[in-house]
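Asks:
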DNA sequence: GCGCCGCTATATCGAATCGATATACTTGTG
DNA sequence: CACAAGTATATCGATTCGATATAGCGGCGC
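Residue numbers (this note's numbering), protein chains in the order written: chain A, 1 to 230; chain B, 231 to 460.
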């Protein structure tokens with residue numbers, strides 16, 4: 001799940017760990033608390049898997065290095081220069097800029113489209129945030145899958161907490177959670193409507209030349225327009 | 231965090247693992263996906279720590295056993311009887327009913343009031359759901375601490391995503407998240423108002439005999455009634 | 001009347017994630 | 001110029017997740 005986020009950001013531009021974390025925290029709001037304890041292992045994992053390559057400014061490889069600092073950190077660059085100029089140059093821990101590879105791009109596409117089974121809010125939000133990399137059909141199917149899940153969970157919530165035996169506080173928490181799910185559903189309906197309007201098409205179909213580069217596993221489930229219950 | 235949830239449920243009645251999970255999933259909506267892989271280790275942990283005691287129906291201890299099944303599972307009880315009646319009786323894996331101890335109650339109070347530093351939505355919701363076990367002052371301080379956190383994070387969100395460079399999907403996710411935080415703030419304001427109305431008291435004070443059994447660490451932070459921004 | 005599916009129930013394993021902490025360099029501030 | 005605060009990478013132990021194994025039970029269908 002973190003892998004998806006990292007690869008998604010690296011699709012845009014090369015970044016180093018600290019920057020990735022910053023973008024995760026502020027940019028999306030989701031994943032607002034990824035810690036270094038998960039980020040750096042994830043980066044190491046991705047590097048081992050060949051999905052990304054790291055370029056340390058002290059290394060021999062001159063290829064990367066042009067990466068966007070994205071902070072006002074001229075300082076970092078200067079520090080690098082200084083360390084390279086100084087004698088020993090070993091024993092300097094510096095920025096490690098990561099770049100996505102072709103294998104990484106493939107992995108990103110798989111992660112984005114693949115995970116068919118039940119996903120939590122974080123994972124869905126993440127997928128949707130990168131939905132521009134999905135084919136329109138897969139996009140729609142992502143939205144509708146999520147809607148179905150939320151409808152189901154709302155039903156469960158309502159059926160249980162409709163009864164008594166919860167005190168004021170617990171009841172308030174449960175109700176607020178249910179309202180949140182309702183808002184999510186309205187939001188999803190708006191998104192689905194927008195998607196259908198943009199893509200044309202009546203029933204979950206796809207345009208002929210659409211299934212490009214993105215493998216989505218045979219489940220486009222043609223949108224049964226049930227609008228009961230609410 | 232799971233410990234808090236488990237102890238909170240056990241304050242109410244004795245339960246076995248499967249039931250605890252069910253209540254966590256449906257009852258609160260939060261913690262909707264705790265898996266056995268975290269639940270059973272947590273129970274074992276709590277038992278080791280002396281916070282709960284387990285009574286297996288096959289054991290010598292006749293004390294517990296009166297636990298509420300809470301499902302319509304007469305079947306389970308019958309099965310237990312049968313196995314106890316039958317000869318060997320070894321090699322039967324049956325329900326393990328957990329009961330909270332005094333040490334567990336103390337631990338629950340500490341967990342509920344203690345964690346002063348930044349908490350996520352799950353942890354806060356959990357605390358609030360059990361807020362009836364808190365003294366009114368601690369309750370208010372919990373709510374206001376959360377409000378302060380949300381205000382801050384909303385500020386960050388707005389300042390960042392107000393700008394451009396996000397495509398339609400990412401922007402929609404970010405905006406929806408921000409709206410969710412706004413709703414949370416409104417909700418908190420309602421709760422705080424209700425709390426103040428119920429408890430009397432103007433500025434975060436407490437009634438004389440209030441600080442009972444619940445240790446909250448010296449931070450009642452008298453409610454600066456800023457109503458700007460938002 | 002018996003095989004099989006689904007529910008209840010406990011448990012474990014490896015991997016992912018969290019939260020705290022260590023290290024080291026730079027920049028701004030009193 | 002000492003010192004706090006920000007940037008940056010990394011590791012450790014504990015917790016949590018997701019999948020899987022095991023086993024008894026009732027119901028159903030044939």
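We put the beta carbon where it would ideally sit given N, CA and C, even for glycine.
#1: Could you name the residues of the same chain whose beta carbon sits closer than 7 Å to that of residue 3 of chain A, not counting the 5 residues immediately before and after it, in chain order?
#2: Candidates B/413, B/424, B/382: which alpha carbon is nearest residue 168 of chain A's?
#3: Between the alpha carbons of residue 331 of chain B and residue 407 of chain B, how many angstroms are there, rounded?
#4: Grab me the residues of residue 140 of chain A's own chain with a C-beta within less than 6 Å of its C-beta, minus the 5 sequence neighbours each way, in chain order.
#5: How many angstroms separate the CA atom of residue 98 of chain A from the CA atom of residue 56 of chain A?
#6: With a threshold of 8 Å between beta carbons, is residue 174 of chain A in contact with chain B?
#7: Since residue 24 of chain A meets chain B, which of its residues come closer than 9 Å, beta carbon to beta carbon?
#8: Which one of A/173, A/137, A/154 has the shortest CA to CA distance from residue 198 of chain A?
#9: Please list, in chain order, all residues of the same chain as residue 383 of chain B whose beta carbon is under 7 Å from its beta carbon, the five residues on each side excluded.
#10: Say whether chain A places a C-beta atom closer than 8 Å to the C-beta of residue 387 of chain B.
#11: Using a Cβ-Cβ cut-off of less than 9 Å, give me the residues of the segment 259-291 of chain B that come near chain A, in sequence order.
#12: Within a Cβ cutoff of 7 Å, which residues of the same chain sit near residue 379 of chain B, ignoring the five residues on either side of it in sequence?
#13: Considering Cα atoms alone, identify which of B/350, B/374, B/337, B/256 is closest to residue 363 of chain B.
#14: Assuming residue 231 of chain A and residue 25 of chain A make a contact with CB atoms under 8 Å, what is their CB distance in whole Å?
#15: Measuring only between beta-carbons, confirm whether residue 18 of chain A sits less than 8 Å from chain B.
#16: Could you run through the segment 335-356 of chain B and flag, in chain order, every residue whose CB is less than 7 Å away from some CB of chain A?
#17: Using 8 Å for Cβ pairs, my map puts residue 282 of chain B next to residue 334 of chain B. What's the rounded Cβ distance?
#18: What are the partner residues of residue 330 of chain B, as DSSP defines its beta bridges?
#19: Residue 342 of chain B by DSSP, collapsed to three states: which one?
#20: Let's test the definition: count the other Cβ atoms within 10 Å of the Cβ of residue 242 of chain B and tell me whether it reaches 16, buried, or not, exposed.
#21: Give a yes or no on whether the minimum CB-CB distance between residue 14 of chain A and chain B is below 8 Å.
#22: Within a Cβ cutoff of 6 Å, which residues of the same chain sit near residue 157 of chain A, ignoring the five residues on either side of it in sequence?
#23: Would you check if the distance between the CB atom of residue 188 of chain A and the CB atom of residue 143 of chain A is smaller than 8 Å?
#24: Mark residue 49 of chain A as exposed unless 16 or more other C-beta atoms lie within 10 angstroms of its C-beta, in which case mark it buried.
#25: Decide if residue 321 of chain B is buried, meaning its Cβ has at least 16 other Cβ atoms within 10 Å, or exposed.
#26: Identify the contact partners of residue 324 of chain B in chain A, using a Cβ-Cβ distance below 9 Å as the criterion.
Replies: Straight from the coordinates:
#1: Result list for residue 3 of chain A: 42, 46, 111, in chain order.
#2: Nearest option by C-alpha distance: B/424.
#3: So the two alpha carbons sit approximately 41 Å from each other.
#4: Hits under 6 Å: 195.
#5: Spanning the two alpha carbons is a distance of roughly 9 Å.
#6: By this cut-off, residue 174 of chain A is an interface position.
#7: Result: empty, since nearest Cβ-Cβ is about 12 Å, beyond 9 Å.
#8: Looking at the Cα atoms, A/137 is the closest of the given residues.
#9: Cβ within range, chain order: 411.
#10: So, interface residue.
#11: So the list reads 259, 260, 262, 263, given in the order they occur along the chain.
#12: Excluding positions up to five away in sequence, the list reads 348.
#13: When only C-alpha atoms are compared, the closest one is B/337.
#14: Because chain A here runs from 1 to 230, residue 231 of chain A falls outside it and cannot be looked at.
#15: With 8 Å as the cut-off, residue 18 of chain A does not count as an interface residue toward chain B.
#16: Within the segment 335-356 of chain B, the residues whose Cβ lies closer than 7 Å to some Cβ of chain A are 350, 355, listed in chain order.
#17: The beta-carbon distance between residue 282 of chain B and residue 334 of chain B, rounded to whole angstroms, is 5 Å. This is short enough to meet the 8 Å contact definition.
#18: In the DSSP output, where bridge partners are listed per residue, residue 330 of chain B has B/282.
#19: Assigned with DSSP and collapsed to three states, residue 342 of chain B falls in helix.
#20: Classification for residue 242 of chain B: exposed.
#21: Closer than 8 Å: no.
#22: Same-chain partners within the cutoff: 178.
#23: Taking 8 Å as the Cβ cut-off, residue 188 of chain A and residue 143 of chain A qualify as a contacting pair.
#24: Burial call: exposed.
#25: Residue confidence is low: residue 321 of chain B scores 39 on pLDDT, short of 50, so the model does not pin down where it sits. Its coordinate-derived value is still stated next. With fewer than 16 Cβ atoms within 10 Å of its Cβ, residue 321 of chain B is classed as exposed.
#26: In chain order: nothing, as chain A lies at least about 27 Å away.
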